[in-house]
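K.L.:
Just so you know, the sequences run in chain order L and H. Mapping of the first sequence onto the numbering used here: residues 12 to 126, in sequence order. Mapping of the second sequence onto the numbering used here: residues 12 to 126, in sequence order.
There are 2 protein chains.
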Amino acid sequence: MALGWILFARGNRHITAELLHEEVTKAKVPVSLATIYNTLHQFAEVGLLRQVAVDGARTYFDTNASDHHHFFIEGENTLFDIAQTEAVVDRLPTPPEGYEIVRVDVVVRLKRIGG
Amino acid sequence: MALGWILFARGNRHITAELLHEEVTKAKVPVSLATIYNTLHQFAEVGLLRQVAVDGARTYFDTNASDHHHFFIEGENTLFDIAQTEAVVDRLPTPPEGYEIVRVDVVVRLKRIGG
DNA sequence: TTTTGTGCAAATCGTTTGCACCGTT
DNA sequence: AACGGTGCAAACGATTTGCACAAAA
Chain L
12 MALGWILFAR GNRHITAELL HEEVTKAKVP VSLATIYNTL HQFAEVGLLR QVAVDGARTY
72 FDTNASDHHH FFIEGENTLF DIAQTEAVVD RLPTPPEGYE IVRVDVVVRL KRIGG
Chain H
12 MALGWILFAR GNRHITAELL HEEVTKAKVP VSLATIYNTL HQFAEVGLLR QVAVDGARTY
72 FDTNASDHHH FFIEGENTLF DIAQTEAVVD RLPTPPEGYE IVRVDVVVRL KRIGG
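(1) Can you tell me which residues form a DSSP beta bridge with Lys37 of chain H?
(2) Which bits of chain H does Gly67 of chain L rub up against, with CB to CB less than 7 Å?
(3) Is DSSP giving Val119 of chain L helix, strand or coil here?
(4) Apply the 10 Å Cβ neighbour rule to Thr89 of chain H and answer buried if 16 or more other Cβ atoms are within range, or exposed otherwise.
(5) Could you tell me the alpha carbon to alpha carbon distance between Glu33 of chain L and Ile26 of chain L, rounded to whole angstroms?
(6) Measure the alpha-carbon distance for Ile17 of chain L versus Asp92 of chain H and round it to whole angstroms.
(7) Which same chain residues end up closer than 6 Å to Arg69 of chain L when comparing Cβ atoms and leaving out the 5 residues on each side of it in sequence?
(8) What does a CB cutoff of less than 6 Å around Phe54 of chain H pick up in its chain, not counting 5 residues either side in sequence?
(9) In angstroms with no decimal places, state the Cα-to-Cα distance between Arg102 of chain L and Val42 of chain H.
(10) With the cut-off set at 8 Å, would you say His81 of chain H and Val99 of chain H are in Cβ contact?
(11) Just how far apart, CA to CA, sit Glu87 of chain L and Tyr71 of chain H?
(12) If you draw a straight line from the C-alpha of Pro107 of chain L to the C-alpha of Gly22 of chain L, how long is it?
(13) Do you know whose CA, among H:Val40, H:Asp78, H:Ile84, H:Leu51, lies nearest Arg123 of chain H's CA?
(14) Using a Cβ-Cβ cut-off of 6 Å (strictly less than) and excluding sequence neighbours within five positions of Arg24 of chain L, which residues of its own chain qualify?
(15) Rounded to the nearest angstrom, what separates Val4 of chain L and Leu30 of chain H at their Cα positions?
(16) Listed in chain order, which residues of the stretch 108–119 of chain L have Cβ atoms closer than 8 Å to some Cβ of chain H?
(17) Counting only C-beta atoms, is Arg123 of chain L closer than 8 Å to chain H at any point?
(18) Tell me the start and end of each unbroken alpha helix (DSSP H) in the stretch 61–110 of chain L that is at least 4 residues and wholly inside, in chain order.
(19) Tell me whether Val113 of chain H sits in a helix, a strand or coil according to DSSP, three-state version.
(20) In angstroms with no decimal places, state the Cα-to-Cα distance between Ala38 of chain H and Leu44 of chain L.
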């Protein structure tokens, strides 16, 4: 398991379970998709990974677990970070009675110009 | 078809295909899930509905197609609008070369205090 | 030998697709 | 008789679960 994670340890990335599976398999260790999912979730629980819901179909995992937001390119299904310097949220909305804010997700959807 | 939509015409709501199916069936018209999906998507294309990706599993459709953001209660899987007065986004990030912004989705995740 | 942890085959479940049916031209 | 639109059964694909196996206690 730790094995698969040398893979994750290099570079900030956004991958889907399937993509990681492919990569891991192609590289060396043959491991089933289910295991990939289990592992990804475990890492996410522990806070090493951040799960990003962006298009309903696939689940993306971000190796950068810090608080930041994302660009998502429709059609290409590419996800990448928005620089922290590009402040986006200025004021948090007041949550309703009895609830507290867990996280704020911002997804800026892009499309190729002209496309 | 227009029939099912009398249902949608009353009140601003956020529903999943499954929920709508249940409602429609329970009420009167027996219609298959597939039809619900087809119809929802058609409405979304035309701009009467707004599709919200919030948790990867389910797809939510918002009868309020205007530009606004959402609260999402984890565990309860409830989605509702953030009042427009609660400004959240102040400055849009600059999109990368060759791309333009299509939409900005903001989801504020909540959890019950103490929960 | 019991317990705890790990990986995966098979099942699940939301969603989509291909096709049959029916009213219209 | 050909055409267009509609609904749905069956297929699909991403994700989860239940269980079998192995190492540790």
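Glycine included, C-beta positions come from ideal geometry on N, C-alpha and C. Just so you know, these numbers come straight off a predicted model, no measurement behind them.
P.N.:
On the basis of the data shown:
(1) Answer is none; Lys37 of chain H lacks a bridge partner.
(2) Ala64, Gly67, Thr70
(3) strand
(4) exposed
(5) 11 Å
(6) 41 Å
(7) Thr27
(8) Leu60
(9) 44 Å
(10) no
(11) 22 Å
(12) 38 Å
(13) H:Ile84
(14) Thr74
(15) No answer is possible for residue 4 of chain L: it lies beyond the span of chain L, which begins at 12 and ends at 126.
(16) Gly109, Tyr110, Glu111, Ile112, Val113, Arg114, Val115, Asp116, Val117, Val118, Val119
(17) yes
(18) none
(19) strand
(20) 41 Å
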